[in-house]
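Visitor: To convert a position in the sequence shown, counted from 1, into the numbering used here, add 340.
Dumping the structure here so I can ask a few things about it.
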Amino acid sequence: MNVRIAIVGTGYVGLVSGACFADLGHDVICIDNDERKINALNNGCIPIYEPGLDELVSRNVKRGNLRFSVDLPGSVSGREAVFIAVGTPSHPGTDCADLHFVMTAAEQIASNVDRFTVIVIKSTVPVGTNREVQRVIKHCVPEQHMAVVASNPEFLREGSAIEDFMHPDRIVFGTENEQAAVIMRRIYAPLENLGYDVLTTGIETAELIKYAANAFLAIKISYINEIADLCEIVGADVDRVATGIGLDHRIGAAFLKAGPGWGGSCFPKDTRALKATAAEHVVPMRIVDAAIESNTQRKYAILKKIENACSGSVSGKRLAVFGLTFKGQTDDVRESPSIDLIRALTEQGAKIRAYDPSSPAEASRLLPGLCMTASAVDAVKSADALVILTDWQQFIDCDLGELAAYMADPVMIDLRNLFDEQTVCSKGFRHYIRVGRKSAN
Ligand code: NAD
């Protein structure tokens, strides 16, 4: 039986979740207080880059089970479940999650419920937040009605968000109310009926699963990055090492790609928030601390690697940079290693021309004056080196011979190991530098 759902916060998570719930047969309204976003959606434009989202949204809007609104009070009315999918960035100047978007949304929702409603917290929130939200909403809900919280962390990845949502490794939710649990089960029944695992837990456990998972993945990447550094010295190949250890089922092959360090809208802020929660409870979190530190140091090491490839200094060098987002197949530049690296390279006197297939508008705000080109070829014209920072398929599909021909000095620093040295050099590149393997030339 379909569920009447509202989602507050129509960003990467809210919009994808809303469109997927609608596709699973539920009646969904997505709400945001950013009028431009909602106007765009009501005019058929998707405000973010996410493969397949355009088609999924338009199909469900046409079917009549997906709508968009800025009117939170009006949209919450009559809904059995209202999801909160607003941002939880780091609090400026601290490691803690800034929960004011969540708390504001919770109060707004609770003041407008007109029936029994589950307020489902999908935003990533530190342990204790759901209980705090439950306490706050008690004071806001009109007397004759009731609202209870459920924690339902989200595990989708940008770039494969629809696939991840529709084919989840697991669905996790925690609530202490029977009626809320029944509604949550109805919401996920179409996926549970297909055999996807639904794990019901206590509220605190659900909250912590999300942080423990993200921190573990960040640790895995930092680990392989440090192994990559060792590989470069001892003559090993990190990609083969990763394959060799990833075939062990106890380890698994995912998240073992060495690169320029992790970033994005989740790992940095979530590892910091986990560290802050642990510190608050005086529990050592040494391994997470080490991963954060390792990732910070990695940025300096990568800068050094680029300087070394440019004969010791990038001052006055024209560098083409491929990739501004934190990884391929997204337009999200939040805490992207590319942004920090471009800033550092520019400070060292490099002249950057950057290309990113998603043309992220936010990058121009973060890096005022950055020259963003419309094509890969435009970026490399007269360049002294090409630095590859993300793993877009468009980069792999480039005509390397054409790129090399346009460059003043055909040097490639491939920080995602997209190519192999033989191919790159056979296409006219003079020098190929990658991560986790010494180059032969
Ligand atoms: P986002 O910034 O893309 O979207 C948040 C949206 O909420 C914005 O559009 C904002 O305008 C809106 N908003 C804020 N306050 C509001 C209010 N009171 N009423 C209506 N709208 C409001 O954020 P996101 O990347 O979708 O992340 C949302 C949450 O999900 C975060 O806690 C994040 O950690 C978590 N998460 C994100 C991902 C991811 O890959 N992006 C994956 C899993 C979990």
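Yeah, the Cβ is synthetic: ideal placement off N, Cα and C, and Gly gets one too.
No experiment lies behind these values; they were computed from the predicted model shown.
Grouping DSSP H, G and I as helix and E and B as strand, with all else coil, what is G351?
Guide: Note: G351 maps to coil in three-state DSSP.
Visitor: Tell me the DSSP bridge mates of Y772?
Guide: Answer by DSSP bridge pairing, in chain order: M752.
Visitor: Is Y640 helix, strand or coil when you go by DSSP?
Guide: The answer is helix: DSSP assigns Y640 an H, G or I state.
Visitor: Are at least three pairs of beta-carbons, each pair with one atom in the stretch 399-410 and one in the stretch 353-364, less than 8 Å apart?
Guide: They touch, by the three-pair rule.
Visitor: Just the Cα atoms here: how many angstroms apart are K767 and L740?
Guide: So the alpha carbons of these two residues sit roughly 6 Å apart.
Visitor: Please name the residue, chosen from M443, E420 and T730, that lies closest to G601 on a Cα-to-Cα basis.
Guide: With distances taken between Cα atoms, G601 lies closest to T730.
Visitor: Among A703, A780 and D435, whose alpha-carbon lies nearest the alpha-carbon of L664?
Guide: Of the candidates A703, A780 and D435, the one whose C-alpha sits nearest the C-alpha of L664 is A703.
Visitor: Report the three-state DSSP secondary structure of K691 (helix, strand or coil).
Guide: Reduced to three states, the DSSP call for K691 is strand.
Visitor: Kindly indicate which residue of I692, I449, E494 and D454 has the alpha-carbon position closest to the one of V476.
Guide: Closest option to V476, Cα to Cα, is I449.
Visitor: For the stretch 440-484, list the alpha helix (DSSP H) runs that are entirely contained and at least 4 residues long, ordered along the chain.
Guide: Listed in chain order, the complete alpha helix (DSSP H) runs (minimum 4 residues) inside the stretch 440-484 are 440-450 and 469-480.
Visitor: Are V410 and I347 close, meaning C-beta to C-beta below 8 Å?
Guide: No, the pair does not count as a contact, with Cβ atoms beyond the cut-off.
Visitor: With V356 and I502 assumed to form a contact (beta carbons below 8 Å), what rounded beta-carbon distance in angstroms separates them?
Guide: Their Cβ separation, rounded to whole angstroms, is 6 Å, which keeps V356 and I502 in contact under 8 Å.
Visitor: Out of R399, G351, E472 and N400, state which residue places its alpha-carbon closest to the alpha-carbon of I378.
Guide: It is G351 whose Cα lies nearest to the Cα of I378.
Visitor: Pull up the DSSP beta-bridge partners for S491, would you.
Guide: DSSP, once it has assigned bridges, lists I461 and G514 as partnering S491.
Visitor: Per DSSP, which residues does I371 bridge with? Please list them.
Guide: DSSP lists V348 and S409 as partners of I371.
Visitor: Using only the alpha-carbon positions, how far apart do F662 and H431 sit?
Guide: Taking the straight line from one Cα to the other gives about 31 Å.
Visitor: Buried or exposed: F666, going by 16 or more other Cβ atoms within 10 Å of its Cβ?
Guide: Buried.
Visitor: Do the stretch 666-680 and the stretch 648-656 touch if we need at least three Cβ pairs shorter than 8 Å?
Guide: No, they do not touch.
Visitor: By the three-class DSSP mapping on this structure, what secondary structure does L539 have?
Guide: Here L539 sits in strand by DSSP.
Visitor: In or out: H485 buried (at least 16 other Cβ within 10 Å) or exposed?
Guide: Exposed, by the Cβ-count rule.
Visitor: What distance in whole Å lies between the Cβ atoms of A558 and T611, which are believed to be in contact at a cut-off of 8 Å?
Guide: Indeed, because the Cβ distance is near 5 Å, the residues count as touching under 8 Å.
Visitor: State the start and end residues of the unbroken alpha helix (DSSP H) segment that holds L726.
Guide: Where L726 is concerned, there is no enclosing alpha helix (DSSP H), although the beta strand (DSSP E) it sits in stretches over A725 to I728.
Visitor: Hey, how far is the Cα of N492 from the Cα of S415?
Guide: Between N492 and S415, the C-alpha separation is close to 21 Å.
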